[in-house]
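Encoded as structure tokens, the structure appears first; notes follow it.
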Amino acid sequence: MTARLAIVLVRPKEDGNIGAVARIGRNFGAERLVLVAPRAKVGPEAQRRAMAGVVLLKAAKRARTLEEAVIDADLVVGTTDLSTGRSNTYLRRAITPERLGEALLSLSGRVALVFGPEDNGLNREELGRCDLLVHIPARREFPTLNLSHAVAIVLYATHRARGPADPESTPAPLELELNGREKELALERIEELLARTRYPAHKRRGLILLFRRVFGRSTPTEAEYRMMLGLFKSLARELDRGKHG
Numbered sequence: 000m001t002a003r004l005a006i007v008l009v010r011p012k013e014d015g016n017i018g019a020v021a022r023i024g025r026n027f028g029a030e031r032l033v034l035v036a037p038r039a040k041v042g043p044e045a046q047r048r049a050m051a052g053v054v055l056l057k058a059a060k061r062a063r064t065l066e067e068a069v070i071d072a073d074l075v076v077g078t079t080d081l082s083t084g085r086s087n088t089y090l091r092r093a094i095t096p097e098r099l100g101e102a103l104l105s106l107s108g109r110v111a112l113v114f115g116p117e118d119n120g121l122n123r124e125e126l127g128r129c130d131l132l133v134h135i136p137a138r139r140e141f142p143t144l145n146l147s148h149a150v151a152i153v154l155y156a157t158h159r160a161r162g163p164a165d166p167e168s169t170p171a172p173l174e175l176e177l178n179g180r181e182k183e184l185a186l187e188r189i190e191e192l193l194a195r196t197r198y199p200a201h202k203r204r205g206l207i208l209l210f211r212r213v214f215g216r217s218t219p220t221e222a223e224y225r226m227m228l229g230l231f232k233s234l235a236r237e238l239d240r241g242k243h244g
């Protein structure tokens with residue numbers, strides 16, 4: 000994705016939220032922060048919450064209206080709470096953050112991600128100015144997210160869409176390769192130890208199944224299986240010493 004992202008906050012009212020958004024923007028590569036008629040003072044609390052994002056915070060632009068804020072944007076993406084209106088109307092027909100990430104993946108240009116104020120979101124006129132709407136699915140009984148949390152979810156989705164090959168992204172957890180041979184060998188060694196320690200025969204099958212399920216959930220690596228096999232071998236040696244001692 001080569002789209003250049005700007006975060007646009009419309010009439011934000013919480014100083015701390017603006018700082019947190021600046022930090023999140025820095026986390027996920029937003030280039031600009033634009034504040035439309037902010038009600039917050041953007042003071043020490045915003046700077047404290049911004050942390051390393053204070054660079055983005057200090058460079059934040061101010062605009063009187065949304066139209067002014069997105070004047071140079073090629074694509075304007077607004078966020079909406081579908082619980083406040085009918086989702087089958089064009090005004091509030093929205094996609095998910097994941098779908099937005101997929102859409103931006105092949106685009107280049109300037110994209111404005113617009114977030115409404117904490118208390119009531121974007122109004123109808125502002126929604127009408129957006130080219131595309133995004134909705135973050137949540138529980139019906141409490142669908143409204145904190146402003147900075149909403150920004151984090153949308154930016155994370157767009158960032159992750161770039162995939163693990165993105166040179167600007169921290170690597171995802173390493174992919175683990177399953178190793179059935181080592182798993183079956185470990186189960187065999189456990190079964191042998193159960194027999195040698197005279198674990199009740201009628202309970203062995205159930206215990207082996209328990210270990211199989213545990214291994215299935217935890218998916219140990221080959222190195223981890225080998226460490227377990229080393230432990231089982233050591234236990235078997237101790238049992239031999241006891242038998243011949």
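The sequence shown runs 0 to 244 under numbering that gives the first Met the number 0. For every residue, glycine included, the Cβ atom is placed at its ideal position computed from N, Cα and C.
- Unbroken alpha helix (DSSP H) stretches of 4 residues or longer found wholly inside the region 93–181: 96–104, 123–128 and 146–159, given in chain order.
- In this structure, Leu74 places its C-beta atom within 9 Å of the C-beta atom of Val110.
- Around the C-beta of Gly115, 16 or more other C-beta atoms lie within 10 Å, and the residue is accordingly described as buried.
- In this structure, Thr64 lies away from Ala21, with their beta-carbon atoms at least 9 Å apart.
- Look at Gly215 here: in three-state DSSP terms it is helix.
- Annotation note: the region 17–50 contains the following uninterrupted alpha helix (DSSP H) runs of length 4 or greater, listed N- to C-terminal: 43–49.
- With fewer than 16 other Cβ atoms from the protein chains shown falling within 10 Å of its own Cβ, Val213 counts as exposed.
- Residue Arg195 holds the alpha-carbon nearest to the alpha-carbon of Ala235 among Gly215, Arg195 and Pro199.
- In the displayed model, Val76 falls within a strand according to three-state DSSP.
- Sorting Val7, Glu30 and Leu112 by C-alpha distance to the C-alpha of Arg61 places Val7 at the top.
- In this structure, the beta-carbon distance from Ala5 to Ala49 does not fall below 9 Å.
- With respect to Val41, Ile23 sits apart: the two C-beta atoms are not nearer than 9 Å.
- Approximately 7 Å separates the beta-carbon atoms of Glu190 and Arg203; this is inside 8 Å, confirming the contact.
- The C-beta distance from Leu121 to Gly77 rounds to 6 Å, short enough to meet the 8 Å contact threshold.
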